[in-house]
Amino acid sequence: MSAPLRPAIVERSRPGRLLVPALAILVGMLVLASIACGYAAFDVSAAFADWLAGRNTLPALVLSELRIPRALLGALVGFSLGLTGAVMQGYLRNPLADPGILGISSAAALGAVIVFYSGMAGALSLALPLGGIAGAAGAALAINLLAMRGTGTLGLILAGVGLSSLAGALTALALNFAPNPYAALEIVFWLMGSLTDRSMDHVWLCLPLMLVGWLLMLSTGRALDALSLGEDTAASLGFDLVSVRLRIVTGAALAVGSGVAVSGAIGFVGLVVPHLVRPLVGARPSASLLPSGFAGAALVLVADIAVRLLPTRPELKLGVVTALVGAPFLIGLLFHHRGRG
Amino acid sequence: MRLAVENAVIRLGGRTILNGVTLGVGPGEFVGLVGPNGAGKTTLLRLLAGLIAPATGRVTIDDRPLNDVSRDERARRLSAFFQNAGIGWPMRVREIVGLGRLPHRRTFAAESAADQEAIARAMAMTEVAGLADRIEPTLSSGERMRVLLARALCVEAEMLLADEPITALDPAHQLDVMALLRRVSHDGAGVIAVLHDLTLAARYCDRLVVMAEGRIVADGAPATALQDGLLRSVFGVTAQRGSHVDGGAYILPWARAGREPGETRP
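Chains as they are written, first to last, in my numbering: chain F, 1 to 341; chain X, 1001 to 1266.
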């Protein structure tokens, strides 16, 4: 070997270094904006003062029971979608992968729909999200069992596609057998995704699950980088691919499953966000994880503020808005990749 | 480090891919693994890298079973080069090469000065330093191959396993890479490379291991391993032999064996 070389290339400082703090501040500001924004005009500072002083005035109740949970859930669900999207795209080496690709979102939706259908939703306010979480857990178990043999990602995608179709078919079956048109309509509206009228109970239910899911997924960052050179190379670099898959499937189920359980299906955020982040941080998979999480949170908060500011009545569903914005982006992406391919 | 495999058998989907393979490679050796397509060369390489387990037999590092060596230790001591999976994302060349330092870095730790020096050394050796800021899709296939080789070299492992490292390269870079692998081995590391070019394999390797139908059929210095009879029975070719004015001997596959001479004449 030649004489010790001075490192010829020093890691260049890119805008990426400041991106995470900048996005975190943005999310913080959007949470405040979301709290300040709503139909009833009311004095936010007075409401805060009442709330902090423990006075159960109407503004304090609106703030603590409606505005704060809605804003927090927007940030949590958005972060989960953005992070999971980036992890899935990195893991499957596929820029068109989204958080729902393993069938977890569909299964969570099915779990909630079954609760709807059985009428348990009326008995307990958290029955719906609990049903969704049960659905996501079932999906994660099924995926891990189906993909147990071998470490290939293709088998995982096939299992996910199969599970997705099955959950979709069963959801349609439930709609078909809905006892009356109103029940069917209620299910359809719920599936569209929304953050309206959620309580702090919903926040406390999904926050711990999401935190664990985020940590599991973030722990795979280096393995995702190594996997960009293929499974053989990643394994030769010392990564246990079975453990990586287990962490990713479980983490996605916890984060996205509990997100769908409290908010319904909010599409396209997880697909789109990593593509918005990559020009700033580069294509290395681990570099886009945290920025995608924060950018996802920002995007969902902006969309949720938009549905309240838009003059349409009834209020547009959040999932409808993200799909309306996201679908054209997806089409553009497809053309871009076809041009490259 | 001595990497060895004893009596390994591997079956896949009812077919026997490796059928009782025994091989040991020590430091400073440059071993060429040659044989016709489907002989089991890449499977043997994956077995040596610990990526697949044998049905019977065992793989050892310094007489310790490979299974008893932790993943981290194995990843630091044994580097593997595979080019068939390509590069999944349009990363910068510098980032791709840096992946070879992952076994040396703790989770979430940044690259140390030693990591950066190893990356610079590997990029200099494979002549990709000038490409450092290029993005993967803009590379030619030869450049991509050298970048992946730099990635494998920057592990700075005691043993380098390389699957067809010169396949997509032009003649000049084929010579460069063969000379480079030889230098790496003479600096003390063991090198095992799957090769298809018998001429270059015979010229640069210290030792050739010839495989056919899942078995090792010859193992020795190039001149003894590649006998005329073996070239005929295993590769189905006859070869020209000669020597360059500088004294180096060469061997050149010339015609299909057992056919009329006219059939494969250009």
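Quick reminder that beta carbons are idealized off the backbone N, C-alpha and C, glycines included.
Which residues DSSP lists as bridging residue i, in chain order
{"i": "F:Ala22", "result": "Answer is none; F:Ala22 lacks a bridge partner."}
{"i": "X:Leu1027", "result": "Before going on, a small fix: residue 1027 of chain X reads as Pro here, not Leu. X:Pro1027 is not bridged to any residue."}
{"i": "X:Gly1019", "result": "Position check: residue 1019 of chain X holds Asn in this sequence, whereas Gly was assumed. DSSP lists X:Val1009 as partners of X:Asn1019."}
{"i": "F:Phe329", "result": "None, per the DSSP bridge assignment."}
{"i": "F:Asp43", "result": "Paired residues: none, contrary to the question."}
{"i": "X:Asp1219", "result": "X:Val1209"}
{"i": "X:Val1194", "result": "X:Leu1033 and X:Asp1163"}
{"i": "X:Ala1004", "result": "X:Gly1024 and X:Thr1060"}
{"i": "X:Val1237", "result": "X:Arg1256"}
Residue i - DSSP class collapsed to helix/strand/coil
{"i": "F:Leu310", "result": "coil"}
{"i": "X:Glu1156", "result": "coil"}
{"i": "X:Asp1170", "result": "coil"}
{"i": "F:Met1", "result": "Low confidence applies to F:Met1: its pLDDT is 38, below 50, so where it sits in the model is not reliable, and the reading given next is rough at best. In the structure shown, F:Met1 sits in coil (DSSP, three-state: anything other than H, G, I, E or B)."}
{"i": "X:Asp1163", "result": "strand"}
{"i": "X:Ser1243", "result": "strand"}
{"i": "X:Asp1225", "result": "Note that residue 1225 of chain X is Ala in the sequence shown here, rather than Asp. X:Ala1225: helix per DSSP, three-state reduction."}
{"i": "F:Phe239", "result": "coil"}
{"i": "X:Val1089", "result": "For the record, residue 1089 of chain X in the displayed sequence is Trp; it is not Val. X:Trp1089: coil per DSSP, three-state reduction."}
{"i": "X:Gly1057", "result": "strand"}
{"i": "F:Val31", "result": "helix"}
{"i": "X:Val1034", "result": "strand"}
{"i": "X:Thr1126", "result": "coil"}
{"i": "X:Val1069", "result": "coil"}
{"i": "F:Val10", "result": "Per-residue confidence for F:Val10 stands at a pLDDT of 38, beneath the threshold of 50, marking its modelled position as unreliable; no derived number is given."}
{"i": "X:Ala1257", "result": "coil"}
{"i": "X:Phe1081", "result": "strand"}
{"i": "X:Ala1249", "result": "strand"}
{"i": "F:Ile266", "result": "coil"}
{"i": "F:Ile114", "result": "helix"}
{"i": "X:Ile1135", "result": "strand"}
{"i": "F:Gly259", "result": "helix"}
{"i": "F:Arg284", "result": "coil"}
{"i": "F:Thr153", "result": "helix"}
{"i": "X:Asp1115", "result": "helix"}
{"i": "F:Asn176", "result": "helix"}
Option nearest residue i by Cα separation, candidates the options
{"i": "X:Pro1222", "options": "X:Val1034, X:Val1021, X:Val1184 and X:Ala1124", "result": "X:Val1034"}
{"i": "F:Gly259", "options": "F:Tyr182, F:Leu128, F:Val273 and F:Leu52", "result": "F:Leu128"}
{"i": "X:Leu1180", "options": "X:Pro1103, X:Phe1030 and X:Ile1052", "result": "X:Phe1030"}
{"i": "X:Leu1018", "options": "X:Gly1032, X:Asp1219 and X:Thr1056", "result": "X:Thr1056"}
{"i": "X:Arg1182", "options": "X:Leu1169, X:Leu1252, X:Asp1206 and X:Leu1198", "result": "X:Asp1206"}
{"i": "F:Gly90", "options": "F:Ser288, F:Tyr182 and F:Leu126", "result": "F:Ser288"}
{"i": "F:Leu330", "options": "F:Ala306, F:Leu301, F:Gly267 and F:Phe294", "result": "F:Gly267"}
{"i": "F:Ala174", "options": "F:Ala112, F:Ile133 and F:Ile143", "result": "F:Ala112"}
{"i": "F:Phe239", "options": "F:Ala109, F:Glu65, F:Val325 and F:Leu224", "result": "F:Leu224"}
{"i": "X:Met1211", "options": "X:Met1001, X:Leu1153, X:Met1125 and X:Ala1225", "result": "X:Ala1225"}
{"i": "X:Val1273", "options": "X:Val1021, X:Arg1076, X:Val1025 and X:Asn1007", "result": "Given that chain X is displayed from residue 1001 to residue 1266, the structure contains no residue 1273 of chain X and the question cannot be resolved."}
{"i": "F:Leu207", "options": "F:Ala255, F:Arg245 and F:Ser45", "result": "F:Ala255"}
{"i": "X:Gly1100", "options": "X:Pro1065, X:Ala1122, X:Leu1131 and X:Pro1054", "result": "X:Ala1122"}
{"i": "X:Gly941", "options": "X:Ala1189, X:Trp1254 and X:Val1234", "result": "Chain X is shown from 1001 up to 1266; residue 941 of chain X falls before or after that span and cannot be answered."}
Contact with chain F by residue i, beta-carbon distance below 8 Å
{"i": "X:Glu1095", "result": "yes"}
{"i": "X:Phe1082", "result": "yes"}
{"i": "X:Pro1090", "result": "yes"}
{"i": "X:Ile1072", "result": "Residue identity differs from the one stated: residue 1072 of chain X is Asp in this sequence, not Ile. Chain F, which has a Cβ nearer than 8 Å to the Cβ of X:Asp1072, makes this yes."}
{"i": "X:Pro1253", "result": "no"}
{"i": "X:Leu1180", "result": "no"}
{"i": "X:Arg1015", "result": "no"}
{"i": "X:Ala1085", "result": "yes"}
{"i": "X:Ala1150", "result": "no"}
{"i": "X:Ala1008", "result": "no"}
{"i": "X:Ala1075", "result": "yes"}
8 Å Cβ cutoff, residue i in contact with chain X
{"i": "F:Arg55", "result": "no"}
{"i": "F:Pro4", "result": "Residue placement at F:Pro4 cannot be trusted, given a pLDDT of 40 that sits under 50; what the coordinates show is reported in the next sentence. Closer than 8 Å: yes."}
{"i": "F:Gly251", "result": "no"}
{"i": "F:Gly341", "result": "Per-residue confidence for F:Gly341 stands at a pLDDT of 44, beneath the threshold of 50, marking its modelled position as unreliable; the derived number appears in the next sentence. So, not an interface residue."}
{"i": "F:Arg17", "result": "no"}
{"i": "F:Ala283", "result": "yes"}
{"i": "F:Asp240", "result": "yes"}
Check distances from the C-beta atoms of the region 300 to 319 of chain F to those of chain X and list, in chain order, the residues that come in under 8 Å. none
By the 8 Å beta-carbon criterion, what residues does the region 225 to 238 of chain F contribute toward chain X? Asp225, Ala226, Leu227, Ser228, Leu229, Gly230, Glu231, Asp232, Thr233, Ala235, Ser236, Leu237 and Gly238
Got a sec: which bits of the region 1100 to 1114 of chain X sit with their beta carbon under 7 Å from any beta carbon on chain F, in order along the chain? Hits within the stretch, in order: Leu1102, Pro1103 and Thr1107.
Any residues in the region 1035 to 1056 of chain X with a beta carbon nearer than 8 Å to a beta carbon of chain F? Which ones, in chain order? Cβ proximity to chain F below 8 Å picks out Arg1046, Ala1049, Gly1050 and Leu1051 from the region 1035 to 1056 of chain X.
Could you name the residues of the region 58 to 73 of chain F whose beta carbon sits closer than 7 Å to any beta carbon of chain X, in the order they occur along the chain? Residues of the region 58 to 73 of chain F with a C-beta less than 7 Å from any C-beta of chain X: none at all.
Can you list, in chain order, the residues of the region 207 to 223 of chain F whose Cβ is nearer than 7 Å to any Cβ on chain X? Arg222
Output needed in chain order: residues of the region 88 to 113 of chain F with a Cβ under 7 Å from some Cβ in chain X. Arg93
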